[in-house]
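Q:
Residue numbers (our numbering): 58 to 333.
1. For residue 285, is the classification buried or exposed, using 16 other Cβ atoms within 10 angstroms of its Cβ as the cut-off for buried?
2. Thinking C-beta only, is residue 136 closer than 8 Å to residue 258?
3. Could you give the distance in angstroms between the alpha-carbon of residue 185 and the alpha-carbon of residue 315?
4. Check the C-beta distance from residue 309 over to residue 291 and give it rounded, since I have them as a contact under 8 Å.
5. Which residue spans inside the region 163-224 form an unbroken beta strand (DSSP E) run of at least 3?
6. Across the region 241-257 and the region 267-280, are there enough close Cβ pairs to call them in contact, namely three or more that are closer than 8 Å?
7. Note the first and the last residue of the continuous alpha helix (DSSP H) segment covering residue 275.
8. Taking all protein chains shown into account, do 16 or more other C-beta atoms lie within 10 angstroms of the C-beta of residue 220, making it buried, or fewer, making it exposed?
9. What is the DSSP secondary structure of residue 259, reduced to helix, strand or coil?
10. Between which residues of its own chain and residue 85 is the CB-CB distance below 6 Å, once the five residues before and five after are set aside?
11. So residue 230 and residue 212 are supposed to be a Cβ contact under 8 Å. How far apart are they, rounded?
12. Could you name the residues of the same chain whose beta carbon sits closer than 6 Å to that of residue 80, not counting the 5 residues immediately before and after it, in chain order?
13. Given this structure, state the Cα-to-Cα distance separating residue 265 from residue 166, to the nearest angstrom.
14. Work out the CA separation of residue 177 and residue 296 for me, nearest whole Å.
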């Protein structure tokens with residue numbers, strides 16, 4: 058696979074805007090039925106959020122994809138452990154008929170990399186400011202591979218009960234620091250809501266080593282957020298280059314799906330068009 062890199066403007070190209078604006082919305086139905094026909098079924102686009110976020114972070118992207126006629130799912134990522142989260146995503150995919158394009162943000166990149174292994178229905182992987190681990194690597198290890206992350210200075214650990222007894226540790230970003238750390242290019246009022254609704258991640262999930270990597274056999278696309286303070290942009294770029302991903306870069310924070318949904322949608326649709 059030949060690597061391509063393109064730095065996008067902050068606005069979606071006019072031609073893409075026209076395409077999305079003109080396309081009919083997909084009808085509300087189960088994923089297998091929406092946007093498909095017998096000859097050329099459209100893939101279901103599955104969006105997986107990462108740590109300190111929830112599925113609502115994809116709202117701007119979901120609206121655009123649905124307007125373009127694609128069935129979309131954005132399940133809640135448990136954020137409890139990489140193997141467990143991967144197994145959960147596989148169960149979600151099992152309920153979807155037809156082809157799939159998997160999209161992961163941040164830690165969600167590690168989850169889609171594992172969940173797609175051995176699933177021939179997954180036609181493309183899209184990494185949005187995300188981890189792209191190889192076997193034996195953890196998110197924490199990859200985040201520390203290059204300088205630039207200031208996440209450690211903004212998180213607070215808290216205990217939570219484990220199902221089998223005992224306690225685990227999960228991390229929150231301090232609310233007063235959330236805007237600057239996670240979503241600096243998001244309006245303040247929206248960032249305050251994001252801080253209040255953030256989903257904590259278990260430290261075990263960030264430290265757990267990945268299994269086999271689906272990006273070795275499935276085409277991939279990557280969006281690098283060059284103002285990211287959670288995952289160093291150099292780490293995102295290094296992982297994407299190693300995976301042979303088609304790379305786009307944009308001046309955005311880690312919350313690029315919230316601040317730049319048009320660019321995120323553009324990258325996803327590029328993957329869809331290339332693999333149909």
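Cβ atoms here follow ideal geometry from the backbone N, Cα and C, with glycine treated the same way.
It should be emphasised that the depicted structure is a prediction, and the values quoted were computed from it without experimental measurement.
A: The structure says:
1. buried
2. yes
3. 11 Å
4. That pair is no contact at about 16 Å.
5. 179-185 and 212-218
6. no
7. That residue, residue 275, is in no alpha helix (DSSP H); it is neither H nor E in DSSP.
8. exposed
9. strand
10. In this prediction, residue 85 scores a pLDDT of 36, lower than 50, which makes its location untrustworthy; no coordinate-derived value is stated.
11. 6 Å
12. With a pLDDT of 38 at residue 80, under the threshold of 50, the modelled position of this residue cannot be trusted; read the value that follows with caution. Correct list, in chain order: 124, 125 and 126.
13. 14 Å
14. 23 Å
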